[in-house]
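Below: one structure, written as structure tokens.
Residue numbers (the numbering used here), protein chains in the order written: chain R, 823 to 1088; chain Z, 9 to 302.
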């Protein structure tokens, strides 16, 4: 590379990162502010963290968000994986039809998916609440599980499961002992994506939830009509959790590999 | 492997009940008269009549204009960043891409909310301006704030696909261009840009579509009265209670999205982008980031 291009390159990247992280930094700093102001620093305090955890509304919202995300992830991962395995063996027409329909929730604007589900629940006379929220989250998560798992199923050696069954395995055994271990990375990626989609979702939840069932996003949306540094406190906690997960997920395996590498080199 | 075919069954039923029927219901609601129960529905185009309403037309135009401005700004910032990152060492690239991705994992509402404290009349920027002796600027609840919020929230989705496209490019091609006498600008226009066109088009899709249907960002940074298509639909369903008109607007939005996707598809074909690869890339980016359709 030409040396002359180096300074603008570093500058351009740094400015962009600054732009992306400046608001996050503001949230972290002002979550410790001893004032309702979002911009005047008036001393260090934990009062917004206290008010966050003393709010029943927030505690139950955290419970709803986490429990819905966990359940939606488990159910959509099982449903998506099973479907992806089936799809790889089904006729081309069936596969194309299902995959095209499966793409609808991915490609449609989220607000359109949201109101379509809201219309369905009202049409069927189902009261909006925890169950409708869970069903809606499975609807938006499963397509992403399928798009993650299907490529892995296709890469798999098609004869392995047949071989297992020829050797006396039942289809269920072939599934759990032969197929699933091979597509694990895809399942894991799909599950991770399902969890983040569900946990961060606002639009779908806003339209299909009701009867006082609120997840974190809905509470934040309702809170945001007035200044409330508790939102900053919650964002800070979530940021810290994400950073810890990223650190453990990215750097720890890297360090382990490096150590192992060094040991084998020596 | 034949026994596994049956595994598709449950999801077939699931898709039919929870994806096909709901979409059909939007179409149904859009075309029946207000106040009718489903059992006695009367077909009508009335719900689409309101489109001649100047208020609605201005909302539609505004959504498009802001969506296009947001996309252009994201492209102008995002392309050079993606290019600069692609020129770094591999390990630095992984770290930088991770740093670009992390903000997207934080709830969009919270990320947007942070800007209220920065932009408001007694916010951080105005505090600094006043300390330096300037008059405060009214920024919150303006078009500027909405575009800024959308650029902030969607920029990573422009950078990531362009970066993927650029790293797939063989650097030897670029060097060959220089060796054969092309200057940096000619090299860029004739070689780098066409080869990264797939990433650019994916990026445009991933920024323009959520920007077009956004409703959280306009609400938080544009104020309660600020209307884009997304907020317009929300108002029809939650506040006005006219589900039929709301459905008609949603249908129009869905059709606009399909038209836009078809356009991008044609451009991709024109630019010679391999669709199979593009789909995989799309899925990969989704995996790395997540659903963000505000």
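From the three backbone atoms N, C-alpha and C, an ideal C-beta is built for every residue, glycine too.
Cβ neighbour criterion (16 or more within 10 Å) applied to residue i
i: residue 1058 (chain R); result: buried
i: residue 179 (chain Z); result: exposed
i: residue 1081 (chain R); result: exposed
i: residue 55 (chain Z); result: buried
i: residue 836 (chain R); result: exposed
i: residue 91 (chain Z); result: buried
i: residue 274 (chain Z); result: exposed
i: residue 932 (chain R); result: buried
i: residue 249 (chain Z); result: exposed
i: residue 244 (chain Z); result: buried
i: residue 216 (chain Z); result: buried
i: residue 939 (chain R); result: buried
i: residue 911 (chain R); result: buried
i: residue 41 (chain Z); result: exposed
i: residue 118 (chain Z); result: buried
i: residue 1015 (chain R); result: buried
i: residue 140 (chain Z); result: exposed
Same chain, Cβ closer than 7 Å to residue i, neighbours up to 5 away in sequence not counted
i: residue 968 (chain R); result: 902, 905, 906 and 924
i: residue 1007 (chain R); result: 974
i: residue 864 (chain R); result: 855, 856 and 857
i: residue 849 (chain R); result: 1054, 1057 and 1058
i: residue 1012 (chain R); result: 899, 902, 966, 967, 970 and 971
i: residue 199 (chain Z); result: 181, 182 and 185
Closest residue to residue i among the options (Cα-Cα distance)
i: residue 131 (chain Z); options: Z:120, Z:148 and Z:142; result: Z:148
i: residue 268 (chain Z); options: Z:114, Z:226, Z:181 and Z:76; result: Z:76
i: residue 26 (chain Z); options: R:1013, R:838 and R:965; result: R:965
i: residue 891 (chain R); options: R:970, R:861, R:1003 and R:952; result: R:952
i: residue 944 (chain R); options: R:1068, R:1069, R:1036 and R:1031; result: R:1031
i: residue 1009 (chain R); options: R:985, R:956, R:996 and R:899; result: R:899
i: residue 125 (chain Z); options: R:1039, R:1077, R:831 and R:844; result: R:844
i: residue 39 (chain Z); options: Z:50, Z:31, Z:183 and Z:29; result: Z:50
i: residue 919 (chain R); options: Z:244, Z:19 and Z:235; result: Z:19
i: residue 841 (chain R); options: Z:219, Z:213, Z:161 and Z:184; result: Z:161
i: residue 870 (chain R); options: R:852, R:885 and R:879; result: R:852
i: residue 1049 (chain R); options: Z:172, Z:128 and Z:66; result: Z:128
i: residue 1051 (chain R); options: R:972, R:982, R:862 and R:1002; result: R:862
i: residue 860 (chain R); options: Z:270, Z:133 and Z:164; result: Z:133
i: residue 78 (chain Z); options: Z:159, Z:210, Z:198 and Z:218; result: Z:159
i: residue 204 (chain Z); options: Z:261, Z:260, Z:105 and Z:86; result: Z:86
Chain Z contact residues for residue i, given Cβ-Cβ distances below 7 Å
i: residue 927 (chain R); result: 27
i: residue 1061 (chain R); result: 114
i: residue 1053 (chain R); result: 118 and 121
i: residue 1037 (chain R); result: Result: empty, since nearest Cβ-Cβ is about 10 Å, beyond 7 Å.
i: residue 1072 (chain R); result: 106
Amino acids of chain Z, ordered along the chain, whose beta-carbon sits closer than 8 Å to that of residue i
i: residue 834 (chain R); result: 88, 89 and 92
i: residue 1013 (chain R); result: By Cβ distance, chain Z contributes nothing, its closest Cβ being about 11 Å from residue 1013 (chain R), past 8 Å.
Interface residues of chain Z facing residue i [CB-CB closer than 9 Å]
i: residue 1044 (chain R); result: The premise fails here: residue 1044 (chain R) is roughly 10 Å from chain Z at the closest Cβ pair, so nothing lies under 9 Å.
i: residue 974 (chain R); result: Ordered by position in chain Z, no residue passes the 9 Å Cβ test against residue 974 (chain R), which lies about 12 Å from the chain.
i: residue 1024 (chain R); result: 115, 116, 117, 224 and 302
Cut-off 6 Å between Cβ atoms - residues of its own chain near residue i, not counting five sequence neighbours on either side
i: residue 241 (chain Z); result: 254, 257 and 258
i: residue 978 (chain R); result: 1004
i: residue 263 (chain Z); result: none
i: residue 175 (chain Z); result: 94
i: residue 1043 (chain R); result: none
i: residue 936 (chain R); result: 1025, 1026 and 1029
Sequence-distant residues of the same chain with beta carbon closer than 8 Å to residue i, five excluded per side
i: residue 1061 (chain R); result: 846, 849 and 850
i: residue 875 (chain R); result: 881
i: residue 825 (chain R); result: The predicted model places residue 825 (chain R) with a pLDDT of 45, which falls under 50 and marks its position as unreliable; any figure quoted below should be read in that light. None.
i: residue 195 (chain Z); result: 182, 185 and 186
i: residue 960 (chain R); result: 894, 897, 898 and 901
i: residue 1046 (chain R); result: 1053
Listed by chain order, chain R residues near residue i by CB distance under 7 Å
i: residue 37 (chain Z); result: 941
i: residue 269 (chain Z); result: 929
i: residue 20 (chain Z); result: 920
i: residue 31 (chain Z); result: 926 and 938
i: residue 154 (chain Z); result: Ordered by position in chain R, no residue passes the 7 Å Cβ test against residue 154 (chain Z), which lies about 15 Å from the chain.
Chain R contact residues for residue i, given Cβ-Cβ distances below 8 Å
i: residue 245 (chain Z); result: 937, 940 and 1029
i: residue 23 (chain Z); result: 920, 923 and 924
Cutoff 8 Å: residue i Cβ touching any chain B Cβ
i: residue 908 (chain R); result: The structure shown contains no chain B; its protein chains are R and Z.
Contact set between residue i and chain R, taken where Cβ atoms lie within less than 9 Å
i: residue 176 (chain Z); result: In chain order: nothing, as chain R lies at least about 17 Å away.
i: residue 66 (chain Z); result: Those do not exist, as residue 66 (chain Z) stays about 19 Å from chain R at its closest Cβ, beyond 9 Å.
heavy atom of the ligand COA below 7 Å from residue i C-beta
i: residue 164 (chain Z); result: The ligand COA is not part of the structure shown, which contains no ligands of any sort.
Ranges of the beta strand (DSSP E) found wholly within the segment 34-92 of chain Z, counting only runs of at least 3: As far as the segment 34-92 of chain Z is concerned, it has no whole beta strand (DSSP E) run of at least 3 residues.
Inside the segment 905-951 of chain R only - beta strand (DSSP E) runs reaching at least 3 residues: Listed in chain order, nothing qualifies, since the segment 905-951 of chain R has no complete beta strand (DSSP E) run of 3 or more residues.
Contained alpha helix (DSSP H) runs [length at least 4] in the segment 823-857 of chain R, N- to C-terminal order: If we require 4 residues or more, the alpha helix (DSSP H) runs fully inside the segment 823-857 of chain R come out as 828-852.
Every unbroken alpha helix (DSSP H) inside the segment 171-218 of chain Z [4 residues or more]: Entirely contained in the segment 171-218 of chain Z, the alpha helix (DSSP H) runs reaching 4 residues are, in chain order, 179-187 and 192-195.
3-residue-minimum beta strand (DSSP E) runs that sit fully inside the segment 984-1071 of chain R, ordered along the chain: Those beta strand (DSSP E) runs which fall completely within the segment 984-1071 of chain R and span 3+ residues do not exist here.
Contained beta strand (DSSP E) runs [length at least 3] in the segment 99-149 of chain Z, N- to C-terminal order: Contiguous beta strand (DSSP E) elements confined to the segment 99-149 of chain Z do not occur, taking only those with 3 or more residues.
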